[in-house]
Amino acid sequence: MTERPSAPPPNRRRTLPSVPAAPPVRAASARGSKPEPVAAVPPKNERVRASTPSSHESPAPPATSVSVRPPRPSTKDGAPPAARPRRPIARHLRALQLLAGATVVLVASTAVAWGARRYIVSSPRFAVRTVLVDGVQRRTAEQVASSGGIEVGKNIFTLDLELAGASIATDPWIEKATVTRRLPSTIHVDVVEREAQAMVAIGGDLYLATRDGELFKELAEDDPVDLPIVTGITGEQVARDRPGVVIAVRSLLDVVEDLERAGVARRYPTQELHVERDGSIVVTIGKEAISLHLGQPPYRDKVAQASRVLTELAQRKASASVIFLDNDAHPERVVVRMR
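Residue numbers for the sequence shown follow the numbering used here, beginning at -17 and rising by one.
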């Protein structure tokens, strides 16, 4: 019996390395001609398989694009070197650029402002055409405008408002003046005048006083004279204690107000208020020149009592020359001297 060749183990394949086989040579068809290559024929009963890498080897990684940077130098202790400072030239150039830009802006702004100012101070649109004055009785609008340097036709922006108001207030009759602009061509002046409440005789001269007791001007020809007169104040008192004189005049005008409130002044207008050396006062009232000796303050209750006495005398149709109400120990006692 002939033995059969042993078969390869099951489930195992034999892998042969791929070896290029020599091409077969085809016989020359004619003598002297070169042989032609013949296609190679694989051996029988064997399978040819291309060699593959072993299972323990990893496949090659795919190709990628890698940027390679030069290594950074390091110092001796391994720390990275400090960043290089910018060049001074670049810093100075940047500063010069900023300075040049600021200069251009400043020059342009100055030119615009100069042009605008030249226009508003020279344009006829802003010339003064109207002057409105409110609050004046003693002075005319023309007098007020003239004292403040306000002129029609003058540029409205060249007028110093505060200086104009201060100049107007130099008039003793004017306590305060406020000057404002109303564009494009109107000036408004608001005036607060002083009001005289009494005349004060000092050293042979007469001065006008306000309700607060302020002596604001000497009496002139065109000033009012139908006012009560205060006497008994000397020039030495004014020079030594002017605030005290102002307080004294104010207290006297309080008595005048009490007489008006009590109804006495309607029939007997106040003529004179005299201050004695001891500070007591004597009030002269009415055309009959009745003297009310009020003594020391307070005076309101004494004025009320004088009103009752005068009413009773009028009912009796009697006429008194002096009424004494200065008994501070017994204020209920009133002495009347008849004519």
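Ideal Cβ positions, reconstructed from N, Cα and C, are used throughout, including at glycine. Source: prediction; values computed, not measured.
* Going by other Cβ atoms of all chains shown within 10 Å of its Cβ, with 16 needed for buried, is R31 buried or exposed? -> Legend: pLDDT at R31 = 49, less than 50; position of this residue unreliable, no value from coordinates given.
* To do: Specify whether the region 119 to 135 and the region 75 to 91 touch according to this definition: at least 3 beta carbon pairs, one from each stretch, less than 8 Å apart.
  => no
* Asked: How many whole angstroms separate the CB atoms of V291 and V316, which I take to be in contact at a CB cut-off of 8 Å?
  -> 6 Å
* **Three-pair Cβ contact test at 8 Å for the region 198 to 218 versus the region 164 to 175** => no
* Asked: On the three-state DSSP scale, how would you describe V207?
  -> coil
* Beta-carbon gap between E157 and E175 smaller than 8 Å -> yes
* Would you mind stating whether G334 and T213 have Cβ atoms separated by less than 8 Å? => Residue 334 cannot be examined here, being either before or after the span of the chain that is shown, -17 to 321.
* Bridge-paired residues (DSSP) for Y189 -> V182 and E200
* Are there 16 or more other CB atoms within 10 angstroms of the CB of G261, so buried, or fewer, so exposed? -> exposed
* Give the DSSP-derived three-state secondary structure of V134 in the structure shown. => coil
* To do: Measure the C-alpha to C-alpha separation of I132 and Q125 and round it to an integer number of angstroms.
  => 10 Å
* Touching by the beta-carbon criterion (3+ pairs, under 8 Å), the region 144 to 154 and the region 215 to 231 -> no
* Compute the distance between the beta-carbons of V323 and Y189, then report whether it is under 8 Å. => Given a span of -17 to 321 for the chain in the structure shown, any question on residue 323 remains unanswerable.
* Asked: Is it true that the CB of G135 sits closer than 8 Å to the CB of V110?
  -> yes
* **A127, buried or exposed, once every other Cβ within 10 Å from all chains shown has been counted against 16** => buried
* Asked: Got a sec, what are the start and stop residues for the beta strand (DSSP E) S273 sits in?
  -> I272 to G277
* Select from A247, R321 and A271 the residue whose C-alpha is nearest the C-alpha of S289. => A247
* Reference P154; option with closest CA among S129, D283, D240 and Q79 -> S129
* To do: Give the range of the alpha helix (DSSP H) segment to which D327 is assigned.
  => Since the first residue shown for the chain is -17 and the last is 321, residue 327 is missing from the structure and cannot be characterised.
* Taking buried to mean at least 16 other C-beta atoms within 10 Å of its own C-beta, is M320 buried or exposed? -> exposed
* Label P106 either buried or exposed according to how many other C-beta atoms from any shown protein chain fall within 10 Å of its C-beta, with 16 as the threshold for buried. => exposed
* Could you tell me which residues DSSP pairs with I169 in its beta bridges? => V113 and R163
* Asked: Does the beta-carbon of F139 have 16 or more other beta-carbons within 10 angstroms, so that it is buried, or is it exposed?
  -> exposed
* **beta strand (DSSP E) segment containing Q253, residue limits** => T252 to V257
* Are P206 and Q253 touching if we call contact CB-CB under 8 Å? -> no
* Residue range of the beta strand (DSSP E) that includes V265 -> I263 to I267
* **Own chain partners of D342 with C-beta closer than 8 Å, once the 5 adjacent residues on each side are dropped** => As shown, the chain starts at -17 and ends at 321. That puts residue 342 outside it, with no answer to give.
* CA-to-CA distance, A159 to S149, given in whole angstroms -> 9 Å
* Asked: Anyone know if the C-beta pair for A302 and V318 falls short of 8 Å?
  -> yes
* Asked: Skipping 5 residues on each side, what residues in its chain have a beta carbon closer than 6 Å to that of S273?
  -> V264, T266 and V304
* Just how far apart, CA to CA, sit D240 and L234? -> 10 Å
* Can you tell me whether DSSP reads V174 as helix, strand or coil? -> strand
* In terms of alpha-carbon separation, which member of V257, H74, P166 and V87 lies closest to Q219? -> V257
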